[in-house]
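Colleague: This is the structure, below, for whatever I ask next.
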Amino acid sequence: MRNGRRGGCKVYYGAVVQGVVMGCIYGLTTLGVNIIFGIMKIVNWANNSLLMVSMYIIFGVVTLTGTNPYVAMLVAAPIMFCFGWAFQHTVIRPLYRRETEKNPYGLLLCTAGLGIALENITLMLLKSTPRTIKMGITQIYVDVGFGASVSLVKIIGAVIAVATTATLWAFMSKSYAGRALRSTAQDRDAARLMGINVMRYYDLAFGIGCGICAIAGCVYSTFYQITPSSGATVGHKAFIILVLGGIESVPGCLLAGVLLGVVEAVGAMLFNSYIGEMLCFVVFVLVLFFRPNGLFGRRAR
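Numbering (numbering that gives the first Met the number 0), first residue to last: 0 to 300.
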């Protein structure tokens with residue numbers, strides 16, 4: 000009887016560890032959406048497509064240079080940052096200035112259009128043939144105790160997620176640019192009166208959001224197939240985690256991602272993967288009902 004209980008505990012332990020690791024990666028996927036929405040009040044519906052483009056950039060750099068995907072991330076992140084900066088500066092900024100409301104929800108169409116365009120351009124140029132990145136460590140699994148093991152590339156991805164979250168939190172909390180971004184998020188009119196160039200910091204926010212997509216794309220490219228629809232496959236939980244964690248809460252993204260990952264993994268173990276996915280939405284609805292501002296979000300004043 001005791002052996003049966005111990006065996007059951009080992010199974011639960013393995014599922015929880017798997018959920019925590021994948022949850023960290025889910026949280027990383029949400030950071031880009033969070034920074035853009037938290038500051039600009041725009042839901043970036045192109046996030047999944049930007050994630051997919053980042054995966055293709057990583058694949059291209061690895062294929063052309065033979066370098067490690069984690070090194071290729073140092074190329075992809077600046078490229079995506081510059082793309083986000085340029086798109087915000089040339090396309091979103093003029094639309095933003097025409098808005099009469101404080102929260103320009105009409106710009107949703109702009110980011111949605113960007114996502115559709117990127118996905119279809121990629122499909123036209125690169126077709127739907129799946130690509131994969133092969134590394135020597137892909138098939139290595141790390142023993143995490145009690146007979147459970149986790150893929151090494153996923154553990155590395157979780158470490159990158161935690162490091163990225165900590166770096167972004169420190170940037171937003173300690174640097175002048177981060178404090179200016181937070182001031183702009185709270186009240187852009189007041190920030191403008193204090194001498195902050197709001198539109199310049201909006202450029203920065205969108206660039207950071209796209210740069211984080213490149214980091215997440217690097218992580219996913221090490222264990223997911225790369226296709227024009229990859230972004231939708233791996234990034235669909237980002238908006239759920241955004242609401243669960245609380246808008247403008249950087250640590251909340253990571254913690255909500257871990258919660259969702261554990262619920263998904265344990266649900267899949269007890270039932271099946273479909274039930275696990277459904278349980279994620281049940282948690283989402285419950286949090287919306289009892290905590291509309293998210294688990295770690297602040298109430299509007």
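For every residue, glycine included, the Cβ atom is placed at its ideal position computed from N, Cα and C. None of these values were measured; they are calculated from a predicted model.
Near F280, what residues of its chain come up, given a Cβ to Cβ distance below 6 Å and the 5 sequence neighbours on each side ignored?
Modeller: Indexing the sequence shown from 1 puts residue 280 at position 281. Closer than 6 Å at Cβ, skipping near neighbours: no residue.
Colleague: Applying the criterion that 16 or more other CB atoms from any shown protein chain within 10 Å of the CB defines a buried residue, is K236 buried or exposed?
Modeller: By one-based count along the sequence shown, residue 236 stands at place 237. Buried, by the Cβ-count rule.
Colleague: For I225, does the three-state DSSP call read helix, strand or coil?
Modeller: What you label residue 225 is simply residue 226 of the sequence shown in a count that begins at 1. It is a strand residue.
Colleague: In the structure shown, what three-state DSSP assignment does S172 receive?
Modeller: One-based indexing of the sequence shown puts residue 172 at position 173. Correct three-state label for S172: helix.
Colleague: Using alpha carbons as the reference points, say which of I78, C212, A189 and Y201 lies closest to L49.
Modeller: Your numbering for residue 49 matches position 50 in the sequence shown. When each option's Cα is compared against that of L49, the closest is C212.
Colleague: Per DSSP, what are the beta-bridge partners of S148 in this structure?
Modeller: The sequence position of residue 148 within the sequence shown is 149, counting from 1. In the DSSP output, where bridge partners are listed per residue, S148 has D142.
Colleague: Relative to the ligand FAD, is the shortest distance from any of its heavy atoms to the C-beta of T166 smaller than 6 Å?
Modeller: As far as ligands go, the structure on display features none, and thus does not contain the ligand FAD.
Colleague: For C217, tell me which candidate among G206, V233 and G83 has the shortest Cα-Cα distance.
Modeller: Translated into the one-based positions of the sequence shown, residue 217 becomes position 218. Selected option, being the one with the closest Cα: V233.
Colleague: Thinking C-beta only, is G244 closer than 7 Å to G293?
Modeller: Translated into positions along the sequence shown, residue 293 becomes position 294. Translated into positions along the sequence shown, residue 244 becomes position 245. Yes. Within cutoff.
Colleague: Using CA atoms only, rank isn't needed, just tell me which of A14, P227, F295 and R290 is closest to G146.
Modeller: Working through the sequence shown from its first residue, we reach residue 146 at position 147. Comparing Cα positions, the closest option is A14.
Colleague: Nearest to V284 by alpha carbon, out of V90, Y140 and L259?
Modeller: Here residue 284 is taken as the residue at index 285 of the sequence shown, counted from 1. Out of V90, Y140 and L259, L259 has the C-alpha closest to the C-alpha of V284.
Colleague: Would you be able to state if there are at least three C-beta pairs under 8 Å between the stretch 262 to 278 and the stretch 36 to 47?
Modeller: Cβ pair count under 8 Å is below three, so no.
Colleague: Which residues mark the beginning and the end of the alpha helix (DSSP H) in which V249 is found?
Modeller: Position 250 of the sequence shown, counting from 1, holds the residue named residue 249. Segment V249 to L269, the alpha helix (DSSP H) holding V249.
Colleague: Taking Cβ positions, are I195 and Y25 nearer each other than 7 Å?
Modeller: Stepping through the sequence shown from its first residue, residue 195 is reached at position 196. Stepping through the sequence shown from its first residue, residue 25 is reached at position 26. No, Cβ-Cβ distance for I195 and Y25 is not below 7 Å.
Colleague: Determine the direct distance from the alpha carbon of L192 to that of G59, and round the result to whole angstroms.
Modeller: On the sequence shown, residue 59 is found 60 positions in, with the first residue counted as 1. On the sequence shown, residue 192 is found 193 positions in, with the first residue counted as 1. Each residue's alpha carbon lies about 45 Å from the other.
Colleague: Give me whichever residues DSSP pairs with R130 in a beta bridge.
Modeller: Counting from one through the sequence shown, the residue named residue 130 turns up at place 131. Note: R130 sits in a beta bridge opposite I225.
Colleague: Over the uninterrupted alpha helix (DSSP H) stretch that includes T66, give me the two end residues.
Modeller: Stepping through the sequence shown from its first residue, residue 66 is reached at position 67. Run containing T66: none; DSSP gives neither H nor E here.
Colleague: Who are the near neighbours of P129 in its chain, counting only those whose CB is closer than 6 Å to its CB and skipping five residues on each side?
Modeller: The sequence position of residue 129 within the sequence shown is 130, counting from 1. For P129, where only same-chain residues beyond five positions count, the Cβ hits under 6 Å are Q224 and T226.
Colleague: Give the secondary structure of R1 by DSSP, where H, G and I count as helix, E and B as strand, and everything else as coil.
Modeller: On the sequence shown, residue 1 is found 2 positions in, with the first residue counted as 1. For R1, the predicted structure reports a pLDDT of 44, less than 50, and the residue's modelled location is therefore unreliable. A value from the coordinates is still provided. Three-state DSSP puts R1 in a helix.
Colleague: Are the CB atoms of V61 and I132 nearer to each other than 7 Å?
Modeller: The count along the sequence shown starts at 1 and reaches residue 61 at position 62. The count along the sequence shown starts at 1 and reaches residue 132 at position 133. Contact flag set, yes.
Colleague: With a 10 Å radius around its C-beta and 16 neighbouring C-beta atoms as the bar for buried, classify I34 as buried or exposed.
Modeller: Locating residue 34 in the sequence shown gives position 35, where the first residue counts as 1. So I34 counts as buried.
Colleague: Is the beta carbon of A231 less than 7 Å from the beta carbon of N119?
Modeller: The count along the sequence shown starts at 1 and reaches residue 231 at position 232. The count along the sequence shown starts at 1 and reaches residue 119 at position 120. No, Cβ-Cβ distance for A231 and N119 is not below 7 Å.
Colleague: Determine the contact status of F80 and C209, defining contact as a CB-CB distance below 7 Å.
Modeller: By 1-based counting over the sequence shown, the position of residue 80 is 81. By 1-based counting over the sequence shown, the position of residue 209 is 210. Result yes, Cβ atoms of F80 and C209 sit closer than 7 Å.
Colleague: When the Cα of L122 is compared with those of S228, V42, S248 and A267, which residue comes out closest?
Modeller: Here residue 122 is taken as the residue at index 123 of the sequence shown, counted from 1. Comparing Cα-Cα distances from L122 to each of S228, V42, S248 and A267, the minimum goes to S228.
Colleague: What would DSSP say about D188, mapped onto helix, strand or coil?
Modeller: Reading the sequence shown from its first residue, position 189 is the one you call residue 188. DSSP places D188 in helix when its eight states are reduced to three.
Colleague: Considering only the alpha carbon of each residue, which of V282, T221, I154 and A162 lies closest to V19?
Modeller: Taking the first residue of the sequence shown as position 1, residue 19 is located at position 20. Considering only alpha carbons, the answer is I154.
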